[in-house]
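Trainee:
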């Protein structure tokens, strides 16, 4: 939003105030300024408001608006008088307005910074959170126009409106006078107001997804008259899955006398359906979709799954078609999955929804699965459903969403749903793009604190159908930030499933100590080597020999699990031939029996060509014959590994939040855990390593640390300096003197360097600074490249200085090309680099690395989101591969890492306090045995990127 200083015409329509929002019940509405041509809409809206609501608004009977009222409520200057409306289908459902007032309570203009605010919500839409959403937006508008405080007068009986104000989280005062409650509240966002806003956002977006995944009725639009085709296939999939609600087939080409298709009631249009329709699955050509959306909107359909292609993935024309589709659906309060979607699945017993192109319903389970690509969705469903793809055992799905072009509903929305979904213990996501990295990181951190979130993120450019924000951050940096947020980042869908199976079946390991046992020495050694490579701490493998019996395996596993120095166990097994060798079922029973005695430690199996063992390990616990049970088969007759039955809600095996914990397993007392089995040691160990890192993150997330305060920081002085510098231009790299001055206000002192355009100037600079000194070339091609020879150190006197000056000139050219400077010598230590940058998509990022070409070539840089806590600063410097150089590697002297951590925290504070500081580079920073020395610094100022995460709730603009 514009600042007051950016106003142009006070009567210009502020289009940037328009926004789509998700309401409390999951529906959507559009918020926009009220304009002069809204008179008829306002009158129609008012006529539908009850007399009681009118009385609450005007404190007296007010049956109709006069012409003067209509003119007043539709004519605004958008500065001192502003009105906003919430609309659905183009019609008003609620309004809010503010009028700027002075200290005397009369109409005023700036610099008066208080305004009276009043709401009116149509009775049919009360309770949907419309007023709360309008309050967020009118408050943002008011702040933009220089208003800092709202006042509202409310009748005591109007408890709903009083609650809207008191629940908003703003700092407020309340008084009672002349039978009226007067509320005054500051508009500056507080921690509580932001927490309230985000909690409302989570509930609303989760409910909007729940309406799509658990509809009370479904219509498939585009069902062909003949077998085959997308619409007819989806209808069959819904019917065959046992969908629990009313199901309808729709096609405008149906004969008028056609009553059923495949046993499903048939209609020529959605509007002809007598009952309500919650979800419409659209499978018609793109050119017919707008008419279908209109029918659905007029009928009150709550959401759409658009399978139709021909949108943004097909080029500019399709992109415009996609934009129009989203705008049209939102105008009716509907949300969209798609277009170009594969569909959605919900395996819950009370729903059984397969509104997708998947011909088989996945088995019920505890894994939530989100993909943007239909092809990847097919692959993931297949790997989770059958015993193929090298992943043994089967784990079921709670819900599946393949969003296609994700023009509306995205991974962020689905993550909001899965965060508190009691049917989902683990979330797996394949993301080809991140539309809002800042929001995704925030949601991921919260979700990962409750349940594992495993993500494969596309490396290349976003698919053509995806509208995403541009980010200047490298892929590796974004991955590092996701890991910081608790995301388990893997590279392939195989690793995605491997990690998901382990996390869905086993508790988190308490640490990296791993016991390895099995009947193959070579496989045990291979597992040991991979564990070392993954950063785990394996014990030497225990070889049970090829003659080991099932009882030998049970005893060895029980001993390993009972060992307090063991956090997890990997069992390796190869086929054994001979009398007494254990059968698959016998070995599986033995392993499960031992694992049941230690429910707090994970167990994994590495097997070689033991299909029966994998099936037995993933089977139901009971070995008694199951009445009527049959082994399921995949297409073509291949055996499928049986899935454990989905527990009923409240089953103690699956806590409502998080993965099965040691406490939950112990309380259960059952041996019902499934043991995941892998066909290769590296896959099992990689999955275990990810679980170990995630477990460590969970423990650290419980105490994230704090952002320290420093008494010597001059925040106000820095703000004044930045404001003065920005008056020179919109974006600039400031000079060395200003850089040092600004950094100094945050306790960051840059070692002084003096220009030396001639040998005599160099000698004078050295006399000023005092010997010994360093002579450095600062030309762009030589700066920070000591390996090229552009630096001379420890120059003890003028003779050495002049000789060095001549050498540099002979090697690299004239002084005007070299740009030499003289700087006093810093204590010897380890050269490092500290950077901070504000990315428009991801936010403010702090980076740390050692200086030099080697670190750049290897990409050995660590990153954290700003603001950085003390614990995060400590982990930041330890997370690079070359960190041992800071801690006395090979007998070297350890350096002052606490001083380095303090420097990182001060840079973080600078950027967090002043978002106009869009880039900072400190290079090199020499970390000595005592203290740090900043030898070079550059700083860039610019107006900060818009922070939509601090503004009112909105859906992405289209």
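In our numbering, the protein residues as written are 207 to 1164. Heads up, the beta-carbon is just placed ideally off N, CA and C, and yes, glycines get one too.
Any idea what DSSP makes of residue 183, helix, strand or coil?
Mentor: What the structure shows of the chain is the stretch from 207 to 1164, and residue 183 is not part of that stretch, so it cannot be assessed.
Trainee: Just curious, the alpha helix (DSSP H) that residue 617 is in, first and last residue?
Mentor: Start and end: 617–625.
Trainee: Would you mind giving the Cβ-Cβ distance between residue 1146 and residue 1131, rounded to the nearest angstrom? I have them listed as a contact below 8 Å.
Mentor: The Cβ separation is near 18 Å, so there is no contact.
Trainee: For residue 225, which residues from the same chain have a beta carbon less than 6 Å from its beta carbon, with the 5 sequence-adjacent residues on both sides left out?
Mentor: The residues are 237 and 1160.
Trainee: Would you mind sorting residue 478 into buried or exposed? The rule is 16 or more other CB atoms within 10 Å of its CB.
Mentor: The residue in question, residue 478, is exposed, as its Cβ has fewer than 16 Cβ neighbours within 10 Å.
Trainee: Exposed or buried, which one is residue 545 when buried takes at least 16 other CB atoms within 10 Å?
Mentor: Under this definition residue 545 is a buried residue.
Trainee: CA-CA distance, residue 472 and residue 433?
Mentor: Those two C-alpha atoms are separated by around 15 Å.
Trainee: Count Cβ pairs between the stretch 618–625 and the stretch 409–424 that sit closer than 8 Å; are there 3 or more?
Mentor: Verdict: yes, contact present.
Trainee: Could you give the distance in angstroms between the alpha-carbon of residue 1075 and the alpha-carbon of residue 1068?
Mentor: Taking the straight line from one Cα to the other gives about 15 Å.
Trainee: For residue 910, which residues of its own chain have a beta-carbon under 7 Å away from its beta-carbon, when the five flanking residues on both sides are left out?
Mentor: Cβ within range, chain order: 1075 and 1077.
Trainee: To the nearest angstrom, report how far apart residue 404 and residue 517 are at their CA atoms.
Mentor: If you take the alpha carbons of residue 404 and residue 517, they lie about 32 Å apart.
Trainee: Which runs of the alpha helix (DSSP H) at least 4 residues long sit entirely within the stretch 719–776? Give them in chain order.
Mentor: Fully enclosed alpha helix (DSSP H) runs of 4 or longer: 727–739 and 756–768.
Trainee: For the beta strand (DSSP E) that contains residue 574, what are its first and last residues?
Mentor: Note, residue 574: beta strand (DSSP E), 570–577.
Trainee: Give a yes or no on whether the C-beta atoms belonging to residue 1037 and residue 1065 are separated by under 8 Å.
Mentor: Cβ distance not < 8 Å, so residue 1037 and residue 1065 don't count as in contact.
Trainee: Just to confirm my understanding: we take residue 401, look at its own chain, exclude 5 residues before and 5 after, and list those with CB closer than 7 Å. What are they?
Mentor: Cβ within range, chain order: 375.
Trainee: On a Cα-Cα basis, can you pick out the residue from 955, 942, 793 and 967 that is closest to residue 883?
Mentor: Minimum Cα distance to residue 883 is reached at 793.
Trainee: Are there three or more Cβ pairs, one per stretch, closer than 8 Å when the stretch 273–283 is compared with the stretch 241–259?
Mentor: At 8 Å Cβ cutoff, the stretches touch.
Trainee: Do you know whose CA, among 588, 695, 341 and 512, lies nearest residue 395's CA?
Mentor: The candidate whose alpha carbon is nearest that of residue 395 is 341.
Trainee: Decide yes or no for the touch test of the stretch 525–536 against the stretch 258–275: beta carbon pairs closer than 8 Å, at least 3 of them.
Mentor: No, the stretch 525–536 is not in contact with the stretch 258–275.
Trainee: Please classify residue 947: does DSSP put it in a helix, a strand, or coil?
Mentor: Helix.
Trainee: Can you look up residue 261 in the DSSP assignment and give me helix, strand or coil?
Mentor: Residue state, collapsed to three classes: helix.
Trainee: Please report the residue range of the beta strand (DSSP E) in which residue 958 lies.
Mentor: Neither: residue 958 is in no beta strand (DSSP E) and is coded neither H nor E.
Trainee: Taking the alpha carbon of residue 994 as the point to measure from, which residue in 975, 1014 and 463 has its own alpha carbon closest?
Mentor: For residue 994, the nearest C-alpha among the options comes from 1014.
Trainee: So what's residue 476 in DSSP terms, helix, strand or just coil?
Mentor: Helix.
Trainee: Between which two residues does the alpha helix (DSSP H) harbouring residue 339 extend?
Mentor: It spans 336–350 - the alpha helix (DSSP H) in which residue 339 sits, taken as one unbroken run.
Trainee: Would you mind working out which of 799, 496 and 344 sits nearest residue 880, comparing C-alpha positions?
Mentor: For the residues 799, 496 and 344, the minimum Cα distance to residue 880 belongs to 799.
Trainee: For residue 225, report the span of its beta strand (DSSP E) as first-last.
Mentor: Counting along the chain, the beta strand (DSSP E) containing residue 225 begins and ends at 225–228.
Trainee: With a threshold of 16 other CB atoms inside 10 Å of the CB of residue 251, please say whether the residue is buried or exposed.
Mentor: Burial call: buried.
Trainee: Please report the distance separating the alpha-carbon of residue 219 from that of residue 355.
Mentor: In a straight line, the C-alpha of residue 219 is about 23 Å away from that of residue 355.
Trainee: Which of the three DSSP states, helix, strand or coil, is assigned to residue 679?
Mentor: Note: residue 679 maps to coil in three-state DSSP.
Trainee: Could you tell me the alpha carbon to alpha carbon distance between residue 475 and residue 457, rounded to whole angstroms?
Mentor: Looking at the two C-alpha atoms, the distance is approximately 6 Å.
Trainee: Taking residue 693 as the reference, give the member of 1111, 397 and 685 with the closest Cα.
Mentor: Residue 685 is the option with its Cα nearest to residue 693.
Trainee: For the stretch 489–499 against the stretch 421–440, are there 3 or more C-beta pairs whose distance is under 8 Å?
Mentor: At 8 Å Cβ cutoff, the stretches touch.
Trainee: Taking 8 Å as the cut-off, does the stretch 1025–1036 touch the stretch 972–981 (at least 3 CB pairs, one atom from each stretch)?
Mentor: Yes: at least three Cβ pairs fall under 8 Å.
Trainee: Provide the residue span of the alpha helix (DSSP H) that contains residue 407, from first to last.
Mentor: From DSSP, the alpha helix (DSSP H) with residue 407 extends over 397–419.
Trainee: For residue 1061 and residue 1055, I'd like the C-alpha separation in whole angstroms.
Mentor: Their Cα atoms are separated by approximately 7 Å.
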